[in-house]
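A.B. asks:
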Amino acid sequence: MRIKAAVLEEFGAPLSIQEVELAEPKAGEVLVRLVACGVCHTDLYTASGADPSGYAPTVLGHEGAGVVERVGEGVTSLREGDHVVTLFSPQCRECIHCESDRTNLCLAIREQQNQGYLPDATTRLSRDGEPIRHFMGTSTFAEYTVMPEIALAKISPEAPLEGACLFACGLSTGLGAALNTAKVEPGSTCVVFGAGLVGLGAVIGCRLQGAERIISVDLSEERLGLATGHGATETLVGGPDAVERILELTGGFGADYTFEATGNVAVMRQAVESARMGWGLCTVAGVAGKGKTLEIVPRFLITGRRVAGSSFGGVKG
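In the working numbering, the protein residues as written are 12 to 328.
1) Measure the C-alpha to C-alpha separation of Asp6 and Leu247 and round it to an integer number of angstroms.
2) Using CA coordinates, which residue listed in Val95, Ile161, Thr192 is at the minimum distance from Gly85?
3) Start and end of the alpha helix (DSSP H) containing Ala255?
4) Tell me whether Met12 sits in a helix, a strand or coil according to DSSP, three-state version.
5) Unbroken beta strand (DSSP E) runs of length 3 or more, entirely within the stretch 84 to 108: which are they?
6) Check whether chain C comes within 7 Å of Arg310, counting only Cβ atoms and requiring the distance to be less than that.
7) Should Asp54 go down as buried or exposed, given a rule of 16 or more other Cβ atoms within 10 Å for buried?
8) Which residues mark the beginning and the end of the beta strand (DSSP E) in which Ile120 is found?
9) Regarding Glu154 and the ligand PLP, is the C-beta to nearest heavy atom distance less than 6 Å?
10) Work out the CA separation of Ile307 and Leu219 for me, nearest whole Å.
11) What do you reckon, are the CB atoms on Gly77 and Val46 nearer than 7 Å?
12) With DSSP run on the structure shown, which of helix, strand or coil describes Arg113?
13) Within 10 angstroms of the Cβ of Pro159, are there 16 or more other Cβ atoms? Answer buried if so, exposed if not.
14) Could you name the residues of the same chain whose beta carbon sits closer than 8 Å to that of Cys48, not counting the 5 residues immediately before and after it, in chain order?
15) Assuming Thr192 contacts Gly324 (C-beta within less than 8 Å), just tell me the rounded distance between them.
16) Using the C-alpha atoms, what's the distance from Cys180 back to Glu105?
17) With three or more C-beta pairs closer than 8 Å as the rule, is the stretch 229 to 241 touching the stretch 204 to 219?
18) How is the beta strand (DSSP E) around Arg135 delimited, first residue to last?
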């Protein structure tokens, strides 16, 4: 079928709205009519060429929500008319990672997905007979997409798709970082660096877990206002002295839990150094640019602070 999609032809260039071919779903696959889609920083990061694993041409987008149009042979969990959210981090449910409760990073699907292909190592997108690769297995900057059944989460038809699409990445990433990765404890003090969608999700997650203090740090007063509206008890305008000011706010101890949701390695270091000696946990959810490294003074680790990474908030679809 012919569909309209926003195609990334080359890094650094604007996306091009054009007609492309979308093949019918194969066995185990589903055709989805996309209704709503968020724009994630990862899409912009890849389009800019900063992602070392990026590729073109491709159809970007991975925060999608829509309605099932058709299902391929063998699909049992979905049917025409179901409302769904796309999952860029699905599980095959068979590999050692999927069988473990310690990670949500499937070994089987990730290899093909990182190269822009569906699990069978082919694409459903093409133009003039030439394949166009999928992005994160989803490619939601389009009217329709074809995805594996296991990469779609069925939701209530009463849930507004314009809001549900945010759970396809940013909101779930932040929520899960607090609920699944850090497992924030009631009565704790938390600091969240970044008040974009991931950071707001982390603020909400900390609130749901019963944190006593939630300090939101961002450069934007407007975003800090949003953080307050979603549960932050205190806000702080970021800057080079952020660690010093956080220590002042916490009696010199630092926070029980810190979260990094900006992708800025300098801020990641601040998140580590703002964690409490003895048991402070820093959870990194932001994606850093190509070639960027995180420098940590070893004494911050030797004295009991820990650093954890979190992809899609540890959520299993």
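Note that the Cβ used here is the ideal one computed from N, Cα and C, for glycine as well.
C.D. replies: Looking at the atomic coordinates:
1) The question about residue 6 has no answer, for the chain in this structure spans 12 to 328.
2) Ile161
3) Looking at the sequence provided, one finds Glu at residue 255 rather than Ala. Glu255 -> alpha helix (DSSP H) spans 253 to 260.
4) coil
5) 94 to 97
6) The chain inventory of the structure shown lacks chain C, comprising one protein chain alone.
7) buried
8) Segment 118 to 124 is the alpha helix (DSSP H) holding Ile120; no beta strand (DSSP E) there.
9) The ligand PLP is not among the ligands present in this structure, which contains no ligands whatsoever.
10) 30 Å
11) yes
12) Coil, per DSSP.
13) buried
14) Gly72, Glu74, Gly75, Ala76, Thr151, Phe152, Cys176
15) Right, the Cβ-Cβ distance comes to about 7 Å (below 8 Å), so this counts as a contact.
16) 23 Å
17) yes
18) In the DSSP annotation of this structure, Arg135 is not part of any beta strand (DSSP E), being labelled neither H nor E.
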